[in-house]
Amino acid sequence: MPNKKPQLEESWLAILHNEFEEPYMAQLRAFLLDEEKYHRGYSRGPLIFNAFWKTPFHKVKVVILGQDPYHGPNQAHGLSFSVQRGIHPPPSLQNIFKELEADTGAKIPNHGELTHWADQGVLLLNTVLTVRHQKAHSHRGRGWEQFTDRVIRELSSQREDLVFLFWGKAAQQKSPLIDGTKHLILSSPHPSPYSADRGFFGSKPFSRINAFLQKKGKDSINWEIPA
Numbered sequence: 708m709p710n711k712k713p714q715l716e717e718s719w720l721a722i723l724h725n726e727f728e729e730p731y732m733a734q735l736r737a738f739l740l741d742e743e744k745y746h747r748g749y750s751r752g753p754l755i756f757n758a759f760w761k762t763p764f765h766k767v768k769v770v771i772l773g774q775d776p777y778h779g780p781n782q783a784h785g786l787s788f789s790v791q792r793g794i795h796p797p798p799s800l801q802n803i804f805k806e807l808e809a810d811t812g813a814k815i816p817n818h819g820e821l822t823h824w825a826d827q828g829v830l831l832l833n834t835v836l837t838v839r840h841q842k843a844h845s846h847r848g849r850g851w852e853q854f855t856d857r858v859i860r861e862l863s864s865q866r867e868d869l870v871f872l873f874w875g876k877a878a879q880q881k882s883p884l885i886d887g888t889k890h891l892i893l894s895s896p897h898p899s900p901y902s903a904d905r906g907f908f909g910s911k912p913f914s915r916i917n918a919f920l921q922k923k924g925k926d927s928i929n930w931e932i933p934a
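Residue numbers (the working numbering): 708 to 934.
Listed below in structure tokens is the structure:
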């Protein structure tokens, strides 16, 4: 967690700089510093804001919103649902790849790093940006939700013709922050094995996103992950 000077990409910092001066952010910073003393956690350091570095504000075309980072060793690296190369894709990501293949015909990759999406304008964001080792949702309610609310509001108000893809209830709670007359909102159950069969499979998010982008005169996303 950054100190007084946030480690945030320039275009995002220009929009969000005053958010780091809010009282809740000081409380969140103190909480994270305390967590580091006694617990292992993810994401850490500059990786907390990795999604913003990979996808600057003016390049965002799609927002894929998850819940919180993976809580296993070396999995989280600041991009929702993504894992670093060499780390076996968790079940949720495996289900995302299954739906991607069924939806678009894209080959299931041999790794789980989604930087290829982020580089094309897909903001891979979680509602909460840190988590304690092996304890999902352990940093919920500490302030990250307020920060990511601000992110969503700024994207909704300052940009046009974006696609917001919400997977799971935590993500779907952000829907009221978005102007549905300016943007496309897609949502489905979380790709977790506990819920994927209840509407995630068959939701065809990837082709629906590209159809919308093409309708608006934007380049579609190449969803196939390179080796």
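For each residue, glycine too, the CB sits at the ideal point set by N, CA and C. Fair warning: this is a prediction, and the values are worked out from it, not measured in the lab.
Cβ-based neighbour list, residue i, same chain, cut-off 8 Å, excluding 5 preceding and 5 following
i              : result
aspartate 826  : Lys761 and Thr762
glycine 850    : Tyr731, Met732, Gln734, Leu735 and Phe738
leucine 832    : Ala758, Val770, Ile771, Leu772, Gly773, Ser787, Thr855 and Val858
isoleucine 928 : Lys768, Val769, Trp824, Gln827, Gly828, Val829, Phe913, Ile916, Asn917 and Leu920
Sequence-distant residues of the same chain with beta carbon closer than 7 Å to residue i, five excluded per side
i                 : result
leucine 720       : Pro713
isoleucine 755    : Met708, Gly785, Leu836 and Thr837
leucine 715       : Leu723, Phe756 and Phe759
phenylalanine 919 : Val870 and Leu891
glutamate 742     : Gly748 and Arg839
Rounded Cβ spacing between residue i and residue j (contact assumed at less than 8 Å)
i                 : j             : result
threonine 837     : glycine 748   : 6 Å
tyrosine 731      : glutamine 853 : 5 Å
phenylalanine 871 : valine 770    : 5 Å
valine 790        : proline 796   : 6 Å
lysine 889        : glutamate 867 : 5 Å
Between the CA atoms of residue j and residue i - distance to the nearest angstrom
i              : j                 : result
valine 829     : phenylalanine 738 : 30 Å
glycine 906    : serine 899        : 11 Å
leucine 740    : histidine 840     : 15 Å
asparagine 710 : glutamate 729     : Caution applies to asparagine 710, whose pLDDT of 48 falls short of 50 and renders its modelled position unreliable; the model cannot decide the point.
arginine 860   : phenylalanine 908 : 29 Å
glycine 924    : isoleucine 916    : 13 Å
leucine 821    : phenylalanine 788 : 8 Å
serine 718     : valine 767        : 11 Å
glycine 793    : proline 753       : 20 Å
lysine 814     : phenylalanine 804 : 8 Å
histidine 897  : tyrosine 745      : 31 Å
glutamine 782  : aspartate 926     : 30 Å
alanine 809    : lysine 922        : 22 Å
tyrosine 901   : alanine 934       : 29 Å
Own chain residues within Cβ distance below 6 Å of residue i, not counting five before or after
i              : result
alanine 903    : Asn802
isoleucine 932 : Pro816 and His823
alanine 843    : His778
proline 883    : none
Proximity to residue i [Cα-Cα], best of the options
i              : options                           : result
leucine 772    : His746, Ala934, Lys876 and Pro753 : Lys876
serine 750     : Pro776, Val767 and Phe764         : Pro776
tryptophan 874 : Gln782, Glu742, Ser894 and Asp856 : Ser894
glutamine 865  : Asp926, His765 and Pro753         : His765
Beta-carbon spacing of residue i, residue j below 8 Å
i              : j             : result
tryptophan 930 : threonine 834 : no
serine 910     : aspartate 886 : no
arginine 857   : glutamate 726 : yes
glycine 819    : leucine 807   : no
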